[in-house]
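Visitor:
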Amino acid sequence: MQIGSSNDTAAVKAQYATSKRYDVRVNFHDMYSTNKQGYSDWLVSNYDIREGMKVLELGGGPGGLWVGREDIIARCSKFVFTDFSEGMLETAKKNLGERDNIEFRVADIQNLDFEDDEFDVVIANGMLYHVPDLEKALSEVRRVLKDGGVFYCATFGENNFTDKLAEWFELGGEEFHPNHNFTLQNGGEKLQKEFKEAKVIVFEDSLHITEMEHLVEYLQSLASFKAILDLPVEKIREILSTHFENGAIDLPKEYGTFACQ
Numbered sequence: 004m005q006i007g008s009s010n011d012t013a014a015v016k017a018q019y020a021t022s023k024r025y026d027v028r029v030n031f032h033d034m035y036s037t038n039k040q041g042y043s044d045w046l047v048s049n050y051d052i053r054e055g056m057k058v059l060e061l062g063g064g065p066g067g068l069w070v071g072r073e074d075i076i077a078r079c080s081k082f083v084f085t086d087f088s089e090g091m092l093e094t095a096k097k098n099l100g101e102r103d104n105i106e107f108r109v110a111d112i113q114n115l116d117f118e119d120d121e122f123d124v125v126i127a128n129g130m131l132y133h134v135p136d137l138e139k140a141l142s143e144v145r146r147v148l149k150d151g152g153v154f155y156c157a158t159f160g161e162n163n164f165t166d167k168l169a170e171w172f173e174l175g176g177e178e179f180h181p182n183h184n185f186t187l188q189n190g191g192e193k194l195q196k197e198f199k200e201a202k203v204i205v206f207e208d209s210l211h212i213t214e215m216e217h218l219v220e221y222l223q224s225l226a227s228f229k230a231i232l233d234l235p236v237e238k239i240r241e242i243l244s245t246h247f248e249n250g251a252i253d254l255p256k257e258y259g260t261f262a263c264q
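In my numbering, the protein residues as written are 4 to 264.
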């Protein structure tokens, strides 16, 4: 859920150093998404996690996906939760608590410190488009995944609300770098270099925003969207106000996940 260039490593690190900005974005989508099943519930509904399995999550952030899902965690013989950010990992520990079968580790998907064929399920949601060496990362995922295991990786599409916002703010050229490194449109081709099957599953959704200030706050949470961050907040409000119709702004969303074997 990002606007900006994946090459701006400093911006990415700033955006995910702690859970504060992340929480703003998650709460925004929870509040204004028209699909009330919720993206997290939908993602988990696609997971086949059975008794005794070993599960690895990469780039898990503050662990919100698993809050209230103790039954799924409990059925795992081992659940390894990782993130690149120590700050995120500390928040995840608080959110999920200590359990005998959970291990929290700082990890880089490009260089995983796990044995070959160690996991039945590997999960990497909303993070592959940030990875500098995606081919190496996917090779590492395949290495640690058992034969017959499943790799789930959620991402966004190329027809999203970010492009509409860029149009409204008249961004282009150096000001707007849509991150299309790994999308619903091109991800399958990249995954098929390592996996026999990469099935795409689309989450049908959109945004119906009724409070402008929440959208302003959302935009300000995006450290890599510098062109908007540099604008006075009054100007941001002015631009957004021209797109309110009948007390709301409607924006497209294109999200989903791949299930790879």
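Using N, Cα and C, we set each Cβ at its ideal position, and we do this for glycine too.
Given this structure, state the Cα-to-Cα distance separating S88 from I105, to the nearest angstrom.
Guide: Going from the Cα of S88 to the Cα of I105 covers about 18 Å.
Visitor: To the nearest angstrom, how far is it from the Cα of C156 to the Cα of L148?
Guide: Roughly 13 Å separates the two Cα atoms.
Visitor: On the three-state DSSP scale, how would you describe L115?
Guide: If DSSP states are grouped into helix, strand and coil, L115 belongs with coil.
Visitor: What's the gap between the Cα of Y221 and the Cα of I204?
Guide: So the two alpha carbons sit approximately 26 Å from each other.
Visitor: Would L234 pass as a contact of L218 if the rule is Cβ separation under 8 Å?
Guide: No, Cβ-Cβ distance for L234 and L218 is not below 8 Å.
Visitor: Could you tell me the alpha carbon to alpha carbon distance between E121 and F84, rounded to whole angstroms?
Guide: Taking the straight line from one Cα to the other gives about 14 Å.
Visitor: Name the DSSP beta bridge partners of P255, please?
Guide: Looking at the DSSP assignment, P255 forms a beta bridge with S209.
Visitor: Can you give me the C-alpha to C-alpha distance between N182 and D166, rounded to a whole angstrom?
Guide: So the two alpha carbons sit approximately 11 Å from each other.
Visitor: Kindly indicate which three-state DSSP category V153 falls into: helix, strand or coil?
Guide: Note: V153 maps to strand in three-state DSSP.
Visitor: Under a three-way DSSP split, which group does V203 fall into?
Guide: Looking at V203 - three-state DSSP - the assignment turns out to be strand.
Visitor: Please check the pair R28 and S224, which I expect to be a contact at CB under 8 Å, by giving their CB distance rounded to whole angstroms.
Guide: At roughly 6 Å, the Cβ-Cβ gap stays under 8 Å, so R28 and S224 are in contact.
Visitor: Under three-state DSSP, which class holds E101?
Guide: E101 falls in the coil class under three-state DSSP.
Visitor: Within a Cβ cutoff of 7 Å, which residues of the same chain sit near K96, ignoring the five residues on either side of it in sequence?
Guide: So the qualifying residues of the chain are F107.
Visitor: If you check the beta carbons only, do A110 and D116 fall under 8 Å apart?
Guide: Result yes, Cβ atoms of A110 and D116 sit closer than 8 Å.
Visitor: Tell me whether V70 is buried or exposed, calling it buried when 16 or more other Cβ atoms sit within 10 Å of its Cβ.
Guide: By the neighbour-count rule (16 or more Cβ atoms within 10 Å), V70 is not buried but exposed.
Visitor: Taking only runs of the alpha helix (DSSP H) that begin and end inside the segment 38–91, which ones reach a length of at least 4 residues, in chain order?
Guide: Segments of the alpha helix (DSSP H) lying fully in the segment 38–91: 42–48, 73–77.
Visitor: Measure how close the beta-carbons of Y258 and Y42 come, nearest whole angstrom, since I'm counting them as under 8 Å.
Guide: Yes, they are in contact, since the Cβ atoms of Y258 and Y42 sit about 6 Å apart, within 8 Å.
Visitor: Suppose you measure from the CA of G129 to the CA of E248; what does that come to, to the nearest Å?
Guide: The alpha-carbon atoms of G129 and E248 are separated by roughly 31 Å.
Visitor: Just how far apart, CA to CA, sit I52 and M215?
Guide: Taking the straight line from one Cα to the other gives about 40 Å.
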